[in-house]
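Colleague:
4 protein chains.
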Amino acid sequence: MAIKGVLRASMMQVRVLNIEDSVKFYRDILGLEEVCRTEDGRVCFKGYDEFDHHTFTIRLADKPGLDFLAFKVSCPKALDEIEEQTKAFGLDYEVIEANTDQPGYGKRLAVQLPTGHRIDLFAEVEMAENHPDLHNPDIWPGGKQPKGVGATMVDHALLFGPNSAEAVRYMKEVMGLGVAEVARTPDGKADACTWLTGSNRPHDVAVLEFDQPGKIHHLAFKLNSWTEVGRAADILTINNVMIDAGPMRHGITRGYTIYFFDPSGNRCELFAGGYAYYPDMPVRVWDFDQLGKGIFYYDRKLKENYLEVIT
Amino acid sequence: MAIKGVLRASMMQVRVLNIEDSVKFYRDILGLEEVCRTEDGRVCFKGYDEFDHHTFTIRLADKPGLDFLAFKVSCPKALDEIEEQTKAFGLDYEVIEANTDQPGYGKRLAVQLPTGHRIDLFAEVEMAENHPDLHNPDIWPGGKQPKGVGATMVDHALLFGPNSAEAVRYMKEVMGLGVAEVARTPDGKADACTWLTGSNRPHDVAVLEFDQPGKIHHLAFKLNSWTEVGRAADILTINNVMIDAGPMRHGITRGYTIYFFDPSGNRCELFAGGYAYYPDMPVRVWDFDQLGKGIFYYDRKLKENYLEVIT
Amino acid sequence: MAIKGVLRASMMQVRVLNIEDSVKFYRDILGLEEVCRTEDGRVCFKGYDEFDHHTFTIRLADKPGLDFLAFKVSCPKALDEIEEQTKAFGLDYEVIEANTDQPGYGKRLAVQLPTGHRIDLFAEVEMAENHPDLHNPDIWPGGKQPKGVGATMVDHALLFGPNSAEAVRYMKEVMGLGVAEVARTPDGKADACTWLTGSNRPHDVAVLEFDQPGKIHHLAFKLNSWTEVGRAADILTINNVMIDAGPMRHGITRGYTIYFFDPSGNRCELFAGGYAYYPDMPVRVWDFDQLGKGIFYYDRKLKENYLEVIT
Amino acid sequence: MAIKGVLRASMMQVRVLNIEDSVKFYRDILGLEEVCRTEDGRVCFKGYDEFDHHTFTIRLADKPGLDFLAFKVSCPKALDEIEEQTKAFGLDYEVIEANTDQPGYGKRLAVQLPTGHRIDLFAEVEMAENHPDLHNPDIWPGGKQPKGVGATMVDHALLFGPNSAEAVRYMKEVMGLGVAEVARTPDGKADACTWLTGSNRPHDVAVLEFDQPGKIHHLAFKLNSWTEVGRAADILTINNVMIDAGPMRHGITRGYTIYFFDPSGNRCELFAGGYAYYPDMPVRVWDFDQLGKGIFYYDRKLKENYLEVIT
């Protein structure tokens, strides 16, 4: 099989301050489908173009942030190998049995990164009821036009934390991710930020060196085009969602983007385009003083507070 | 590494009836860069978003068609494994030494498919001089706006020939390609057409059962969006290129497309979008009588002669 | 006032074979708002970007077609002048008093064209309840995302009938419309088709010489862009609407277009773009044998039956 | 004629600090055609979709800014009426004879507005050599793909100056422009800014009350779509043009926009879309504290210095 091992960042659980406000936001504005609610009050969603049972869970908490980012693995055997290598690498992990906290999900490894983040890895999950058509398929499941901005699927997250080099080494050596781009530290001697990917996406996850552990800068869903990003800007605006930046383009990944905040203050991104990464591509390197262009390609300077407002 | 083995359909050599007319077409209208000419008069091109030395070669001949479609493999070791497995599978192949017919290319296996097509596989090739930027990269190499329709890279080809089931078996078992979609025969007992992919592209190659060997329906280059497909229609039209179908959408792959003919009668496609394929996706299945919707999603019927005009 | 007299084709009444199927089509798929129903069972609609009470009325009948196309005039005085000139020109007309058949509408002149069509002219109409915002306006009325394909407003109609030169003369001399483009007859001695406009639209109405009176080729609503035309193709397709041609571009007007049929067989168009016409522009002239390119700009040939299937 | 009197803002002369840098900017990046140079060293340009001899002139000066904005009038008789009414209104004006400073132009009235700006009005101008096709027209003149960002034509300018209410009164009463939108002063008792239009454009000119006379905020050229605005952002960026704001949408006009600076510091805009204005539309009114949303629809706040950096 040409793609094997880790396939993609495919699922995440996020903390919110109010469940119903968040449901309105993620379901009615972002257009995710509400799949189910758990006994402990969490709500599970999915994008219209996803096959997995659900891919996005919100949990009531007293501060926002990311509980974990989960990667799907091609098969149970590959997951076993990752477990072996995680042990050998020396990171702590926990095994979460099937169908415990995430309905429909098989066994997960919950790995503790040295940046303070939790990465889950799993190989098995039930197919969602409303999955994309498989027989003489229409472009939208069941012939239904997507709602709101029409987020298609989970795309990636940007993690902020200490010991990022070690986390990146784990992602490369154990998870098998490729490095698409790096941004150097000001002295040029190390990487301040690394963009990693499991297959052709320009990134499934990025990690930035930061003094506080376990923080996220943003979590991202995928759209199909610059035009959909522009339409999302219209829809976010008429719904009074606070937009942080964009619509614009990244120099890094070349993707189109808009950043905005969910009702709990989690920064979200809608991301479209970008090049198709392949492992025969050299790493693209950004000097620290060019990060402005890397992130805000058109403005060519970092927006104030861009690196400070995190959850 | 998450993607390994065969990466993508990355290069092809095509027969044309007139070199200079073809250069004007592929360079000035499709926007490929002319990289070099060989001593025997062939011309080598590449798209602006490709790193490899060249990816598209035209050769003067007395009838149009495809000499071979080449797939890039992740590393020489993977190529060696494919050679072993090709032997075991029982297909004839030839080894083409580095830097013989294709400048800058390493060793290639030229495999003879039972459909009458030649598939080349290679792991090594020099990097093109005008490759995408790697240091503080701009979105276009060297800050230059792409020309013509701005074809970005080789995307796929649709092969017509006999014994397609056996060719598909080789692509799955030896090349490790995944099957994204199939169209059943009228009796529903076999596959009339199969769409296969090495990574997230919805297809790198498709194979249709046909009584004459070694034919191609079309060769495709990649664009970035529906908007670029529309703009391509404008540019093709003002250049009097004969358009065969589109701009439109495929049901199969969900990609946006326009078909047209090069000056020698080779049908070309500009293809954009489509879903991101992952090997955890079930195969999408088309009934034979729904192929019209599969290919001409908006018209929902096959255009006359669509399956007959081939080279 | 820079624009005065006839402003635009702003309203039409169309015959349908089934009211409820038509309501589903025009309201749920095209995205028009159902404004009201009349005592005699007609249903009145409007686009989200229109201020007038309603702009599109359907009436149950035993065959499809257009009852009348109505043009809005800048003021009652201008309407009086048009009445005087219509008398002088010698066309029959009727005065329809305010609030008779069309709720909310002021007095209309119903002019009988020599092509067998009825053109209404009016200056006064009540403002719709759901009109575009006027105070710190959002881009969509009341902050609500348009439904279905999101048709914005009535745009134009293409009339087929005899004595078209005389109808065109009335439109120019009495209605004050400008001629944007003409297509010559095969012998080049007369105009087979004329595109006329009240202001910057490339056409508000077109008239083609035809042997049967009172026919329409299509009625058109406006979209905003090529991208919206493409999205409309997606939405029409998943709703099993029969698409006649497009998405494509016209050479005439340079507009983007898709043609399809309502449930009664009326050909509809969604039209976007096109140049901004001004009366200082020379008339653009098409030879008869170039009409294919004029209408099907990318295919450069008339689609079979294009000029035959009419209502 | 449905549109008569003033047709549109169709021409302007701008001051630049360096002719050759400006030629590179307006010709190679914005894509205007260089039409001719005058004996006194000015350079005349036009957009590919304009019929008039030239529509944009640059003049070497020691500070940037706008010499005049010119409006085309439907016919000499209408120009004579405007001259009469200008006298009656009491504004100073000068008559510039044909073919003096602007090659190919007929007689112009150069009217001195109380805001310190000069508005020219003219009815006659030679047709440009490279005008849009008139016989079986292609979408681009002579079948040539537009260069750079492909600016189509002059669109509008935003003027800053004192006595704006009086300037607006002149534009309404003498020039016959319609008021599409106004922004109120903080106390709500007057208009801080007024957007005026000659026909369906949402604005041909806007006037903002300001203490210094004769200033401009920006001069604008027209693009066709949001997608072209995004592509312009790409092209401006790779050419190191300083982008001031956008790509984004205005609440006012609903148009898509990007602001940037020419090499002399003149703020330019590329503007696309916006609603079609008709004189039967009520004026849209913005409260002063909502101007942020009016101009920066997605951010909903004024960008720092937006109202201060002017020329």
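Protein sequence lines correspond, in order, to chains A, B, C and D. Count along the first sequence from 1, add 15, and you get the number used in this note's numbering. Count along the second sequence from 1, add 15, and you get the number used in this note's numbering. Count along the third sequence from 1, add 15, and you get the number used in this note's numbering. Count along the fourth sequence from 1, add 15, and you get the number used in this note's numbering. Built from N, CA and C at the ideal position, the CB exists for glycine as well. Keep in mind that this is a model prediction, so the values were computed, not measured.
Any beta carbon of chain D sitting closer than 7 Å to that of residue 258 of chain A?
Modeller: For residue 258 of chain A, the answer is yes, since a Cβ of chain D falls inside 7 Å of its Cβ.
Colleague: List the DSSP bridge partners of residue 66 of chain C.
Modeller: Beta-bridge pairing links residue 66 of chain C to no other residue.
Colleague: Grouping DSSP H, G and I as helix and E and B as strand, with all else coil, what is residue 231 of chain D?
Modeller: Residue state, collapsed to three classes: strand.
Colleague: Tell me the rounded alpha-carbon separation between residue 39 of chain B and residue 174 of chain B.
Modeller: For residue 39 of chain B and residue 174 of chain B, the distance between alpha carbons rounds to 26 Å.
Colleague: Please tell me whether residue 305 of chain B has its Cβ less than 7 Å away from any Cβ of chain A.
Modeller: It does; some Cβ of chain A falls within 7 Å.
Colleague: For residue 117 of chain B, return the contacting residues in chain D, with the cut-off set at a CB-CB distance below 9 Å.
Modeller: By Cβ distance, chain D contributes nothing, its closest Cβ being about 31 Å from residue 117 of chain B, past 9 Å.
Colleague: With distances taken between CB atoms, is the gap from residue 108 of chain A to residue 212 of chain A smaller than 7 Å?
Modeller: No, these two residues do not count as a Cβ contact at 7 Å.
Colleague: Examine the Cβ distances between the region 279-289 of chain D and the region 270-284 of chain A and report whether three or more of them are shorter than 8 Å.
Modeller: The region 279-289 of chain D, when compared against the region 270-284 of chain A, does not touch it at the 8 Å Cβ threshold.
Colleague: Measure from the alpha carbon of residue 58 of chain A to the alpha carbon of each residue in A/90, A/216, A/117, then state which is nearest.
Modeller: Ranking the options by Cα distance to residue 58 of chain A, first place goes to A/117.
Colleague: Applying the criterion that 16 or more other CB atoms from any shown protein chain within 10 Å of the CB defines a buried residue, is residue 28 of chain C buried or exposed?
Modeller: So residue 28 of chain C ends up on the buried side.
Colleague: Work out the CA separation of residue 306 of chain D and residue 203 of chain D for me, nearest whole Å.
Modeller: Straight-line Cα distance between these residues: approximately 13 Å.
Colleague: If the criterion is Cβ atoms closer than 7 Å, does the pair residue 313 of chain D and residue 258 of chain A meet it?
Modeller: A contact, by the Cβ cut-off of 7 Å.
Colleague: Around the C-beta of residue 35 of chain D, are 16 or more other C-beta atoms found within 10 angstroms, so that it is buried, or is it exposed?
Modeller: Label assigned to residue 35 of chain D: exposed.
Colleague: With a cut-off of 8 Å on the beta carbons, I'd call residue 269 of chain C and residue 288 of chain C a contact; round off their distance for me.
Modeller: About 7 Å; that satisfies the 8 Å criterion.
Colleague: Out of curiosity, what's the CA-to-CA distance linking residue 217 of chain A and residue 85 of chain A?
Modeller: Spanning the two alpha carbons is a distance of roughly 17 Å.
Colleague: Leaving aside the five residues before and after residue 69 of chain A along the sequence, list all residues of the same chain whose C-beta is less than 8 Å from its C-beta, in chain order.
Modeller: So the qualifying residues of the chain are 26, 50, 51, 59, 60, 61, 117, 118, 119, 143.
Colleague: Evaluate contact between the region 78-93 of chain D and the region 126-139 of chain D, counting only Cβ atoms and requiring at least three cross-stretch pairs below 8 Å.
Modeller: They touch, by the three-pair rule.
Colleague: Secondary structure at residue 191 of chain C, three-state DSSP: helix, strand or coil?
Modeller: DSSP places residue 191 of chain C in coil when its eight states are reduced to three.
Colleague: For residue 44 of chain B, I'd like the list of residues in its chain whose CB is within less than 6 Å of its CB, leaving aside the five on either flank, ordered along the chain.
Modeller: Only 163, 254 meet the Cβ criterion.
Colleague: Mapping DSSP to helix, strand and coil, what is residue 186 of chain A?
Modeller: Residue 186 of chain A: helix per DSSP, three-state reduction.
Colleague: Quick one: list the residues of chain C neighbouring residue 167 of chain A, beta-carbon separation under 9 Å, in chain order.
Modeller: What residue 167 of chain A touches in chain C: nothing, since even the nearest Cβ is about 14 Å away.
Colleague: In chain order, what residues of the same chain lie with their CB nearer than 8 Å to the CB of residue 157 of chain A, ignoring the 5 residues before and after it?
Modeller: The residues are 145, 148.
Colleague: Give me the chain C residues within the contact set of residue 69 of chain D, using Cβ-Cβ distance strictly less than 7 Å, ordered along the chain.
Modeller: Neighbours of residue 69 of chain D on chain C: none; closest Cβ ~15 Å, over 7 Å.
Colleague: Counting Cβ pairs, one atom from each stretch, are 3 or more of them under 8 Å apart for the region 296-311 of chain A and the region 190-210 of chain A?
Modeller: Enough Cβ pairs lie closer than 8 Å, so yes.
Colleague: Beta-carbon of residue 252 of chain D versus every beta-carbon of chain A: anything under 7 Å?
Modeller: Yes, residue 252 of chain D lies at the interface with chain A (some Cβ there is under 7 Å from its Cβ).
Colleague: Listed from N- to C-terminal order along the chain, which residues in the region 149-177 of chain A have their beta-carbon within a distance smaller than 7 Å of any beta-carbon of chain C?
Modeller: Taking 7 Å as the Cβ-Cβ cut-off against chain C, the residues of the region 149-177 of chain A that qualify are 153, 154, 155, 158, 160.
Colleague: Return helix, strand or coil for residue 16 of chain A, following the three-state DSSP convention.
Modeller: The predicted position of residue 16 of chain A is uncertain, since its pLDDT is 48 and thus under 50; no value can be drawn from it.
Colleague: What does the alpha-carbon distance come out to for the pair residue 180 of chain B and residue 206 of chain B?
Modeller: Answer to the nearest angstrom: the Cα atoms are 8 Å apart.
Colleague: So, using beta-carbon positions, are residue 247 of chain A and residue 285 of chain A closer together than 7 Å?
Modeller: Contact flag set, yes.
Colleague: Is the beta carbon of residue 130 of chain A closer than 7 Å to that of residue 176 of chain A?
Modeller: For residue 176 of chain A and residue 130 of chain A, yes; Cβs fall inside 7 Å.
Colleague: Would residue 249 of chain C count as contacting chain A if we go by Cβ distances under 7 Å?
Modeller: Judged by the 7 Å Cβ criterion, residue 249 of chain C is in contact with chain A.
Colleague: Taking C-beta pairs closer than 7 Å, name the residues in chain A that residue 91 of chain D reaches, listed in chain order.
Modeller: None at all; the shortest Cβ gap to chain A is about 44 Å.
Colleague: Just by C-beta distance, which residues in the region 267-297 of chain C are closer than 8 Å to chain D?
Modeller: So the close ones are 269, 288, 290, 291, 293, 294, 295, 296, 297.
Colleague: Mind checking residue 110 of chain A: buried by the 16 CB within 10 Å criterion, or exposed?
Modeller: Residue 110 of chain A is exposed by the Cβ-count criterion.
Colleague: On the premise that residue 265 of chain C lies in contact with residue 310 of chain C, defined as a C-beta separation below 8 Å, what is that separation, rounded to the nearest angstrom?
Modeller: Yes, they are in contact, since the Cβ atoms of residue 310 of chain C and residue 265 of chain C sit about 6 Å apart, within 8 Å.
Colleague: At which residues does the beta strand (DSSP E) containing residue 284 of chain A begin and terminate?
Modeller: Residue 284 of chain A -> beta strand (DSSP E) spans 282-288.
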